[in-house]
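One line per chain: the protein sequences are A and B, in this order.
Sequential numbering from 11 applies to the first sequence in the numbering used here.
Sequential numbering from 9 applies to the second sequence in the numbering used here.
Built from N, CA and C at the ideal position, the CB exists for glycine as well.
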Amino acid sequence: MNAEVATIKTAAETALAHEFATARGRLPGDDAIAAQRKAAFDLFAKEGLPNRRIEEWKYTDLRALMRDAKPLAVPPDAAAKARAKSAGAMLGDVETRRLVFIDGSFVAELSDVANLESGLTISSLAAALAADDATVEAHLGKLAPAGDVAVALNTALMGDGAVIRIAAGSTTERPLHLLFVASAKPAASFIRSLVVVEEGARAMLIESHEGPAGSDYQVNAALELFVGDRAHVDHVKIIGEGEDALHVSTLAAAIGAHARFNSFTFTAGGDVVRNQLFLKFDGEGTLAGIRGATLLKGRQHADTTLVANHVARDCQSREVFKSVLDGEAHGVFQGRIIVRPQAQKTDAKMMTQALLLSDRAEADNKPELEIFADDVQCGHGATAGALDDELKFYLMARGIPAAEAEALLIQAFLGEAIEGIEHAGLREALMEAVAAWLKARAP
Amino acid sequence: MALLEIKGLHVEIDGKEILKGLDLTVNAGEVHAIMGPNGSGKSTLAYVLAGKADYAVTSGEVLFNGKNLFDMAPDERAAAGMFLAFQYPLEIPGVATMTFLRTALNAQRKKRGEAELSTPEFIKKVRDTAGKLSIEQEMLRRAVNVGFSGGEKKRNEILQMALLEPRLAVLDETDSGLDIDALKIVADGVNRLRSPGRSFVVITHYQRLLAYIVPDIVHVLSHGRIVKTGGKELALELEARGYAEYQEEVLA
């Protein structure tokens, strides 16, 4: 019965097969890359789009949610480039080194790639693939989980992205900002980036995604991130897609010994969002803070799926994810912490909290702990509830109007996660984004 | 004109009648004490005046400065000069005390058509007031009431009252849980705010607080009604003889 159902292709699956068949000859990369693409596509052809029968996709049935597959995006025209100049406003006045991608294609003339500090190497994935770049050859595809169909589609169809190397011991002067903008075209972009932060290096990396409302474009973005021993990496992803967009993105990271790694995802945009984090703690003594804030309204659906795989001993990870759900929005959090037998003295604590602003909003939460070592501290907590009426009354009794009282409480709720971001300017920019979201919500 | 006029107030919570025909008139500049045994309806009265949602007013009326209090949302009552010092002030994690105070003060000023305070004006006002209440600057940097001791929470209520300068302050068992030093600080804070235009309703179970905040009029509340009204000497009488006779009176 199951096998029979799986053989019926949806319109989206058929369209993706067509895109791959027509594009494979011109997608960048040598024969080895072409073979990787083919193997990845074969997995998709066999499995189909992820659906609710697959446990990891239980709450986000992409097969049902993806009514069609858009044609692969083409490089942007002059008008799209002109519009992209105003992109990235959400970061406020945070000084960054910008790398701009429109519909997934790197746009050099809008990017800030001059005068790179020593130790920093930047290229586009398309250029690196064409040049048989050594960093790409050594690292591409090494972290992204091969069995995940969303990642497989990314590997099969990846067109462009960023390839960044930060040499041992060096520091980036400004945060690196990968700014992904969608044009108004309802196209699909498959973006693949690779960031290698070598031993003892310090880097801050921001990925932001935005696009116009009214266009049902599709984005599948994957980042493979290597964090070397004693490196310190802060990663922030902002999913601010247009309200009709489909966004699937994946962070696959391997973190070395005695490193510090922080990752924060801010999700406010998109119609359907799936944000995947696959983190592997490969070296001992690392501290990690994995956090997120999600704000949804209308009929938005956003799914955060995290796997923290503790392979080495003495690592500490803190996972804090908060979501605010209004209207008929649907927020999903799946968090799995795995502690391998040799990962003794692991200290991992996960907390997820959903604040429901409407009776019709839904929060699904699935924490999982898989512990194979015997000397560890692991825990998780999850809450879902409405705003506290008592607190709201206390604020109102002091003269604060209802909408403002709610806004203060919501900001406080999300602040607990956002505070974990080390960069003060970025912290403020995100709190501003929360304030703007709340203002738009107010009657 | 009376600042507060309560006439025949009946209030229920979850279908149970708590206030059963309460009458009370407070004129400008007066300090009233409302004393009574547990369960007599003291806190219900305080919450109904402030506008808490769980209470159903089944009959009677309350005029505040001549206007129907029940036409106003809690924030509107506050802007019109109503202040409730909570018996159990709430902790609000993530909301900085200074943000809270400033938001409240400016929201009230805005609603009254007054200019909002600038940051330096506001900070000066808070510092001056906090100093008089022995509130450390460090406390102001914390989230609202988070990690505060019972006494600190009560002092924070009085700080809010001093900043917001209400026309009527209702103090709901502000003395509960305070040691004698904290009680004196709180009472000093209240006494400094006494003025011909400002009134207080001090709700308490014990006479102790009234030695420091000397009332003009004392009422006994029992079974949802004011059963006796007198001068400040009534508080001493109650302290000596207890509430037993008032409870019996109603039962008889």
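Alpha carbon to alpha carbon, how far is residue j from residue i? Give it in angstroms, no decimals.
i         : j         : result
GLN46(A)  : ALA166(A) : 7 Å
PHE274(A) : ALA223(A) : 24 Å
ILE201(A) : MET147(B) : 49 Å
ASP385(A) : SER327(A) : 15 Å
SER126(B) : THR182(A) : 39 Å
ILE176(A) : LEU72(A)  : 35 Å
ASP189(B) : LEU172(B) : 24 Å
LEU335(A) : PHE51(A)  : 35 Å
SER128(A) : GLY179(A) : 10 Å
ARG62(A)  : PRO97(B)  : 47 Å
ALA192(A) : LEU153(A) : 26 Å
GLY291(A) : THR137(B) : With the sequence shown as reference, residue 291(A) is identified as Phe, and Gly is not the correct amino acid for it. Roughly 52 Å between the two C-alpha positions.
ASN199(B) : ILE221(B) : 7 Å
ARG249(B) : PRO45(B)  : 12 Å
ILE265(A) : GLY98(A)  : 28 Å
ALA148(A) : LEU130(A) : 17 Å
LEU259(B) : GLY49(B)  : Unreliable placement is indicated for LEU259(B), whose pLDDT of 49 sits below 50; the coordinate value is still reported in the next sentence. Cα-Cα distance, rounded: 16 Å.
GLY391(A) : THR362(A) : 6 Å
ARG120(B) : VAL235(B) : 37 Å
Tell me where the beta strand (DSSP E) around residue i begins and ends.
i         : result
HIS9(A)   : Within the shown structure, residues of chain A are numbered from 11 to 453, placing residue 9(A) beyond reach of any answer.
HIS28(A)  : Where HIS28(A) is concerned, there is no enclosing beta strand (DSSP E), although the alpha helix (DSSP H) it sits in stretches over 21 to 33.
GLN286(A) : 282 to 291
VAL235(B) : 233 to 238
SER333(A) : 326 to 335
ILE132(A) : 130 to 134
MET43(B)  : 39 to 43
ILE112(A) : 107 to 112
Could you pull the start and end residues of the alpha helix (DSSP H) that residue i belongs to?
i         : result
LYS28(B)  : Element bounds for LYS28(B): not the alpha helix (DSSP H) but the beta strand (DSSP E), 24 to 35.
GLY381(A) : Residue identity differs from the one stated: residue 381(A) is Ile in this sequence, not Gly. Element bounds for ILE381(A): not the alpha helix (DSSP H) but the beta strand (DSSP E), 372 to 381.
GLU57(A)  : 41 to 57
GLN215(B) : Unbroken run through GLN215(B): none, as it is neither H nor E.
LYS449(A) : 434 to 451
SER368(A) : Element bounds for SER368(A): n/a, residue is neither H nor E.
MET106(B) : 105 to 119
Can you tell me which of the three DSSP states residue i falls into?
i         : result
MET80(B)  : coil
THR20(B)  : Note on identity: in this sequence residue 20(B) is Glu, with Thr being the wrong assignment. Here GLU20(B) sits in strand by DSSP.
PRO261(B) : An answer regarding residue 261(B) cannot be provided, because it is not within the stretch 9 to 260 covered by chain B.
ALA16(A)  : Because ALA16(A) carries a pLDDT of 49, less than 50, the predicted location of this residue cannot be relied on, and the following value inherits that uncertainty. The answer is helix: DSSP assigns ALA16(A) an H, G or I state.
ALA89(A)  : helix
VAL228(B) : strand
LYS359(A) : strand
GLY425(A) : helix
LEU12(B)  : strand
ASP399(A) : helix
MET168(A) : coil
GLU245(B) : helix
THR393(A) : strand
LYS141(A) : Before going on, a small fix: residue 141(A) reads as Ala here, not Lys. Residue state, collapsed to three classes: coil.
MET76(A)  : coil
ASN61(A)  : coil
PHE276(A) : strand
GLN344(A) : strand
ILE299(B) : Given that chain B is displayed from residue 9 to residue 260, the structure contains no residue 299(B) and the question cannot be resolved.
GLN516(A) : Residue 516(A) lies beyond the residue range present for chain A, which begins at 11 and ends at 453; the question has no answer from this structure.
LEU101(A) : helix
ALA124(A) : coil
Return yes when the Cβ of residue j is within less than 8 Å of the Cβ of residue i, no when it is not.
i         : j         : result
ALA269(A) : GLY302(A) : no
LEU57(B)  : MET9(B)   : no
GLU372(A) : HIS340(A) : yes
ASP187(B) : ARG216(B) : no
ASN164(B) : GLU99(B)  : no
LEU397(A) : LEU418(A) : no
ALA79(A)  : ALA213(A) : no
ILE410(A) : ALA112(B) : yes
ALA231(A) : PHE190(A) : yes
LEU139(A) : SER121(A) : no
HIS257(A) : VAL283(A) : yes
VAL226(B) : ALA252(B) : no
Which parts of the segment 175 to 260 of chain A are runs of the alpha helix (DSSP H), unbroken and 4 residues or longer, counting only runs that do not cross its ends?
none
Kindly provide the ranges of any beta strand (DSSP E) runs that are 3 or more residues long and lie completely inside the segment 297 to 322 of chain A, ordered along the chain.
297 to 306, 311 to 320
Taking only runs that begin and end inside the segment 123 to 199 of chain B, name each unbroken beta strand (DSSP E) of 3 or more residues, in chain order.
176 to 180
May I have a chain-ordered list of the beta strand (DSSP E) segments no shorter than 3 residues that lie completely inside the segment 47 to 97 of chain B?
64 to 72, 90 to 93
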